[in-house]
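Residue numbers (my numbering): 13 to 191.
In structure tokens form, the structure reads like this:
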């Protein structure tokens, strides 16, 4: 009889721990999902003025994050509902915020997906313009580096000379040019 009581006690403890783990997991996932959806909505609604690279990067980063979470979010609704049903079956109370969040999440996710596509279309021109600006800056930098390289090749101290102090002066002038 004491062994049976001990086994029953252990089973009760482990079932409590497991149901608490499931409950916390569902609450955390729904809370994280609702946070992601609300933050994404606000960021994607941000107006990006022409030439504002910082706000464009923020919105594009949000689009990247939404796209990266796309498959995971699509697949999470049914398992969360099944876990909630299991918890309710065993008499574990689920908070109202979690239940409401789980009920509203598919609709909000559908709205975010539409907003994602609309935002991508809206920012396509700004993104192309910024890409051209970056290409122009890279081209200018490459031209500057090539010019400096040619100057160093032609005037640099690459030959043996008894006037070695002049070589240090030349190197100092190149260093001043770089800084």
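No residue lacks a Cβ here, since even glycine has one placed at the ideal position from N, Cα and C.
- Around the beta-carbon of residue 18, fewer than 16 other beta-carbon atoms lie within 10 Å, marking it exposed.
- The criterion of a C-beta distance shorter than 8 Å is satisfied by residue 118 and residue 89.
- Distance from the CA atom of residue 81 to the CA atom of residue 52, rounded to whole angstroms, is 11 Å.
- By alpha-carbon distance to residue 110, the top candidate from 161, 86, 92, 73 is 92.
- Straight across, the Cα-Cα distance linking residue 72 with residue 48 is about 15 Å.
- Around the C-beta of residue 87, fewer than 16 other C-beta atoms lie within 10 Å, and the residue is accordingly described as exposed.
- Where residue 55 is concerned, the enclosing alpha helix (DSSP H) starts and stops at 14-56.
- The alpha-carbon separation between residue 183 and residue 152 amounts to approximately 24 Å.
- Boundaries of the alpha helix (DSSP H) around residue 143: 108-167.
- Burial is judged here by how many other beta carbons sit within 10 angstroms of a residue's own beta carbon; residue 36 has fewer than 16 and is exposed.
- For residue 104, there is no enclosing alpha helix (DSSP H), as DSSP marks it with neither H nor E.
- The C-beta separation of residue 34 from residue 99 comes to about 6 Å, placing the pair in contact by the 8 Å criterion.
- For residue 175, the three-state secondary structure derived from DSSP is coil.
- Straight-line spacing of the CA atoms in residue 156 and residue 58 works out to 36 Å.
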